[in-house]
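Shown next, in C-alpha cells, is the structure this report addresses.
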Amino acid sequence: MFTRRAPLGAILVIGLSAALAPGQTQRPRGVTLADAVPGRRTALVIGNNGYPAMPLKNAVNDARAMAAALQKYGFAVDLATEVTFKELNKRIDRFIGQLHGGDVAMVYYAGHGVQIENENYLVPVDFNAQDEADAKYEAYSASRVVDRLAGSGARLSIVVLDACRNNPFRSSRSGTR
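Numbering follows the numbering used here, in which position 72 of the sequence shown is assigned residue number 89; successive positions increment by one, without gaps.
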C-alpha cells in the first residue's frame, strides 16, 4: 500500500548550512550562525509512525533528528509526533499564524503521503479514507502548506516532505512518480 523512502535529513542539514550562510566558508570565532543570518528561524517538524494499517518504524526518529539539527542552527522548533488530522490542522494554523516578515520558516514532515490527481497530501495517523474522494478531506494538501507559507510574509519558506506519494486506492486513475 505505502512505501517509505530513505531519510533526507543529512542532505537537508548540509543544504541548510549552505543556504543560511551563503558565501561564508568560515565563521569568525564567537560568531554563531544565528548572528550571521538576520531574522527569526522557526520550524514545524512532524513525524508519524502510528498508522494502524501500515505502521512506520523511523518517521518519528527522523523528525526528532531533524528537530535537533535545526535547533543546532538556531531554529525554534515545534516538534509534533503521531498527529491526527485535527491536530495537524491546529499545528499548521498555529505555526503559520505566528510567522512574521523576515522570518525563515520551515515545515518538515516525515510519515505517509498520498498523491491523488497530481496533488500530494500529508497523511495523519487517523487517516481512514476508503477512496480518493474521501482522502482529499482526511489528509492535508502539501500545496496548501506551501501556499499558506507563501502568504505568511516569511522571508524564506522551506518545505521538506520525507514521505512516499503512493495512491493506495485500487481504482485509482492517477499515477504516481
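For each residue, glycine too, the CB sits at the ideal point set by N, CA and C. These numbers come from a predicted model, not from an experiment.
Inset, instruction - Look up Arg58 in the DSSP assignment and say whether it is helix, strand or coil. - result: In the three-state scheme derived from DSSP, where H, G and I count as helix and E and B as strand, Arg58 is classed as strand.
Legend entry - From Val162, Asp179, Val142, Gly170, residue whose alpha carbon lies closest to that of Met71: A check of alpha carbon separations from Met71 across Val162, Asp179, Val142, Gly170 identifies Val142 as the nearest.
Inset, instruction - Would you kindly work out how many angstroms separate the C-alpha atoms of Gly91 and Arg108, rounded to a whole number? - result: In this structure, the straight-line span from the alpha carbon of Gly91 to that of Arg108 is close to 20 Å.
Legend entry - For Ala159, the three-state DSSP class (helix, strand or coil): Helix, per DSSP.
Inset, instruction - Please go through the same chain and pick out, in chain order, the residues whose beta-carbon is closer than 8 Å to the beta-carbon of Asn106, but skip the five residues on each side of it. - result: Counting only Cβ-Cβ distances below 8 Å, and skipping sequence neighbours, we find Tyr157.
Inset, instruction - For Leu166, name the three-state secondary structure that DSSP assigns. - result: DSSP, read as helix, strand or coil, puts Leu166 in helix.
Inset, instruction - Give the C-beta separation of Tyr125 and Met83 to the nearest angstrom, bearing in mind that I take them to be a contact with Cβ-Cβ under 8 Å. - result: The pair is a contact, with the Cβ atoms about 5 Å apart (cut-off 8 Å).
Legend entry - Residue environment, Asp79, which counts as buried when at least 16 other CB atoms sit within 10 Å: Taking all protein chains in view, the Cβ of Asp79 is crowded by 16 or more other Cβ atoms within 10 Å, so the residue is classified as buried.
Inset, instruction - Give the C-beta separation of Ala85 and Arg58 to the nearest angstrom, bearing in mind that I take them to be a contact with Cβ-Cβ under 8 Å. - result: In this structure, Ala85 and Arg58 do not form a Cβ contact; the two beta carbons are roughly 14 Å apart against a cut-off of 8 Å.
Inset, instruction - Closer than 6 Å by C-beta to Phe186: which residues in its own chain qualify, once you throw out the five before and the five after it? Chain order, please. - result: Take Phe186, set aside five residues on each side of it, and the residues of its chain with a beta-carbon closer than 6 Å to its own are Asp148, Glu149, in chain order.
Legend entry - Gly114, DSSP secondary structure in three states: If DSSP states are grouped into helix, strand and coil, Gly114 belongs with the helices.
Legend entry - Simplified DSSP assignment, three categories, for Leu73: In the three-state reduction of the DSSP assignment, Leu73 falls in the coil class, being assigned neither a helical nor a strand state.
Inset, instruction - Could you tell me the boundaries of the beta strand (DSSP E) in which Glu136 lies? - result: It spans 136–139 - the beta strand (DSSP E) in which Glu136 sits, taken as one unbroken run.
Inset, instruction - Return yes when the Cβ of Ile133 is within less than 8 Å of the Cβ of Val103, no when it is not. - result: For the record, residue 103 in the displayed sequence is Lys; it is not Val. Against a cut-off of 8 Å, the Cβ pair of Ile133 and Lys103 comes out as no contact.
Legend entry - Residues near Gln88 in its chain [Cβ-Cβ closer than 8 Å; skip 5 each side]: Taking C-beta separations shorter than 8 Å and ignoring five residues to either side along the sequence, the partners of Gln88 in its chain run Val94, following chain order.
Inset, instruction - Give the secondary structure of Tyr126 by DSSP, where H, G and I count as helix, E and B as strand, and everything else as coil. - result: Per DSSP, reduced to three states, the secondary structure at Tyr126 is strand.
Legend entry - Counted within 10 angstroms of its Cβ, other Cβ atoms place Gly40 as buried (16 or more) or exposed: Caution is warranted here: a pLDDT of 47 is assigned to Gly40, below 50, making its placement in the model unreliable, and the coordinate value is therefore given only provisionally. It counts as exposed.
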